[in-house]
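Asks: Before anything else, here's the structure in question.
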Amino acid sequence: MHYVIGVDIGTQSTKALCIDATDGRIVAQHTRAYAVETPQPMWAEQWPDVWFQAVSDCIRHCVAQAAAAGISATAIRALCVSSLYGGSGIPVDAEMRPLHPCLIWMDRRADDEVKWVRRHVDLERLAVLTGNGVDSYYGYTKMLWLKNRRPEVWAKTRYFLPPNSYVNYLLTGELAVDHSSAGNIGGVYDITQRCWSTEAMAMLGIPPMLMPERLIASSDVVGPLLPSQAMALGLAAGTPVIAGGVDAAMATFAAGVTKAGNHVAMIGTSMCWGYINQQVDAGHGLISMPHVYNGLQDLYIFGGAITAGAAVSWFLEQFCQAEMTEALRSDVDPHFLLERDAAAIAPGAEGIVFLPYLMGERGPIWDAKASGAFVGLSLYHRRAHLYRAVLEGVAFALKHNIDAGACGAQFLDERLVVVGGASHSNLWMQIIADVTGYPVYTIDDNVEAALGAALLAAFGVGLIDTSQVEKGWARLRLRTTPDIAASRRYQHIFAQYRGLYPSLKSAMHQLHAC
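All residue numbers for the sequence shown refer to this note's numbering, where the first residue is 5 and numbers rise by one.
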């Protein structure tokens, strides 16, 4: 029997799985939580050692659980690390020591750098080269922020490393960046040639030497596990470490997305909806990078909301103390109490629309100064109305991105797969089906990106072949189908949703400046 370990470094926790490579059965798993540092409004950063400690802890627990089940360390044939989009990447010095917290995907501080790029760079050429646009979401604008605002860090920086690349270096002593992580940085990667773009970096003033030379496929072996790390983790020395990639693409891969037109919505802290294609048009307002599988031919093209589950958590924590108190007393999830009441309210939350732009917004509007809003409030409305409106607002953001993606896709599958924490909510899955018009499928096990990493590990060392990869390990099930009457109602409300941002944009920007 052969086993593999898949790890996913998330925004708020890291999860690891030990998987039987013959059938995808989970034999061990462990999760470790942590927090995002937000020292100022619109800032979001994390120190990479928090990630590495979480990865190490999760792997050790999985190995110990596997050993208790009679699985030896030598039977674990490979491991692979998936990670959140690390934005700027981790600036490290010549000794590979982190110099500054990583400015992660959620961080929106690089507004001045975005303005500079728009004034001084040939945007059409940048879009052609990179397949991506200009926004403070992208890693290259965050790099420019460090260049301008932290010159002492910039002067000492030898490389900018994506989170999984940094962890892989500590595990193996080998430095490499996978193509998916490189492409997601944005303005420094040539999406057609699959290499760093010296032309784009020259326009931006980012020295090519800051990008590690070794670019590899997500399924390639970075190197063997160092003896010291093997001893610390309980694994065999020399265990191959597979490159991995960005978590949204990895979760999409876990859900069986390997062909053009396949599409998946990952709804956790944020929402990422993506599909597979071979061509890209940055004008549609989505993000493009090589897919984690067959990445030299296939692109993973996605867009999404910065706050999805984060919007739900924000609403719960700020406005639902009564439900949280009752949940503690009754030993139930407070979300259950809110959904019980919200489910009794008709689609449209009886006249309320929520814009989920609580940290600015990504595709397809790309506006760091966009802000959240409840529109349509009256004295009649209760918390349940607002909660339902939050769920619907994220579903509208999902549809907005699907509509943008449909402009560039030759076709999209007739089903929508949803992964992530949102899939636990029956109400949210029904709202998504009704808003998008797609039947919704979910994965039985809440494992997503970590499962994708394990699948990639097995493929990377030849334990499974292409046909087995495309069949996948995930067990998809039909969760719900659109209700015709609700879908018709949501079509009208979605049109109002689409019109609200343009109407409120000027006020949002003025309030942002106050």
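Where is the CB? At the ideal position from N, CA and C, for every residue including glycine.
Report the partner residues of N281 according to the DSSP bridge assignment.
Replies: L303
Asks: In chain order, what residues of the same chain have a beta carbon less than 6 angstroms from the beta carbon of M270, not counting five sequence neighbours either side?
Replies: A252, A255, C276, V423 and G424
Asks: Going straight from the alpha carbon of N188 to that of A454, what length do you get?
Replies: Our two residues, N188 and A454, have alpha carbons roughly 19 angstroms apart in a direct line.
Asks: Between which two residues does the beta strand (DSSP E) containing A82 stretch?
Replies: I80 to S87
Asks: Just verifying my parser: in three-state terms, what is the DSSP assignment at T42?
Replies: coil
Asks: At a cut of 8 angstroms, does the stretch 41–49 reach the stretch 209–222 through at least three beta carbon pairs?
Replies: Here the stretch 41–49 makes no contact with the stretch 209–222; the two share fewer than three CB pairs at distances below 8 angstroms.
Asks: Taking the runs of the beta strand (DSSP E) that are 3 residues or longer, which of them lie wholly in the stretch 449–496?
Replies: 480–484
Asks: Looking at C-alpha atoms only, which residue of L480, R481, L482 and L459 is the closest neighbour of S471?
Replies: L459
Asks: Sort out for me which residues DSSP pairs H404 with in a bridge.
Replies: In the DSSP output, where bridge partners are listed per residue, H404 has none listed.
Asks: Tell me, which residues are paired with H34 by DSSP?
Replies: Partner(s): A20.
Asks: Cα separation between P166 and P102?
Replies: 12 angstroms
Asks: Could you please give me the residues that DSSP links to S292 through a beta bridge?
Replies: I305
Asks: Measuring alpha carbon to alpha carbon, tell me which of R29, S184 and T485 ends up nearest A70.
Replies: R29
Asks: DSSP on Y7, reduced to helix/strand/coil?
Replies: DSSP places Y7 in strand when its eight states are reduced to three.
Asks: Starting from the Cα of M5, find the closest Cα among C66, A77, R64 and A511 and give me that residue.
Replies: Ranked by Cα distance from M5, the options C66, A77, R64 and A511 are led by A77.
Asks: Using 8 angstroms as the cut-off, can you tell me whether the stretch 93–100 makes contact with the stretch 147–166, which would need three or more C-beta pairs spanning the two stretches below that distance?
Replies: yes
Asks: Sort A39, Q57, D194 and M215 by Cα distance to L174 and report the nearest one.
Replies: Q57
Asks: Among S185, R123, K263 and K119, which residue has its Cα nearest to the Cα of K475?
Replies: K263
Asks: Tell me, please, which residues DSSP counts as bridged to D12.
Replies: K19 and S86.
Asks: Give me the residue from L219, E327, L342 and I310 with the minimum Cα distance to L300.
Replies: L219
Asks: Please classify T446: does DSSP put it in a helix, a strand, or coil?
Replies: When DSSP states are grouped into helix, strand and coil, T446 belongs to the strand group.
Asks: Please classify Q233 as buried or exposed, where buried requires at least 16 neighbouring CB atoms within 10 angstroms.
Replies: buried
Asks: Exposed or buried, what is A20 when buried is set at 16 or more other beta-carbons lying within 10 Å of its beta-carbon?
Replies: buried
Asks: Are K146 and D111 close, meaning C-beta to C-beta below 8 angstroms?
Replies: yes
Asks: Could you check whether D407 and D487 sit closer than 8 angstroms to each other, using their CB atoms as the reference points?
Replies: Against a cut-off of 8 angstroms, the Cβ pair of D407 and D487 comes out as no contact.
Asks: Across which residues does DSSP place D194 in a beta bridge pair?
Replies: C199
Asks: Pairing CB atoms from the stretch 411–422 with CB atoms from the stretch 378–390, are three or more of them under 8 angstroms?
Replies: no
Asks: Measuring CB to CB, does G409 end up less than 8 angstroms from I280?
Replies: no
Asks: Can you say whether A348 is buried or exposed, counting buried as having 16 or more other CB atoms within 10 angstroms of its CB?
Replies: exposed
Asks: Which of the three DSSP states is assigned to Q233 in this structure?
Replies: If DSSP states are grouped into helix, strand and coil, Q233 belongs with the helices.
Asks: Determine the DSSP secondary structure at A240, reduced to helix, strand or coil.
Replies: coil
Asks: Give a yes or no on whether the C-beta atoms belonging to D194 and T134 are separated by under 8 angstroms.
Replies: yes
Asks: Restricting to runs no shorter than 4 residues, where is the alpha helix (DSSP H) found entirely within the stretch 366–424?
Replies: If we require 4 residues or more, the alpha helix (DSSP H) runs fully inside the stretch 366–424 come out as 387–412.
Asks: Closer than 7 angstroms by C-beta to L127: which residues in its own chain qualify, once you throw out the five before and the five after it? Chain order, please.
Replies: V138
Asks: Look at the alpha carbon of C66 and the alpha carbon of A32, and state the distance between them as a whole number of angstroms.
Replies: 5 angstroms
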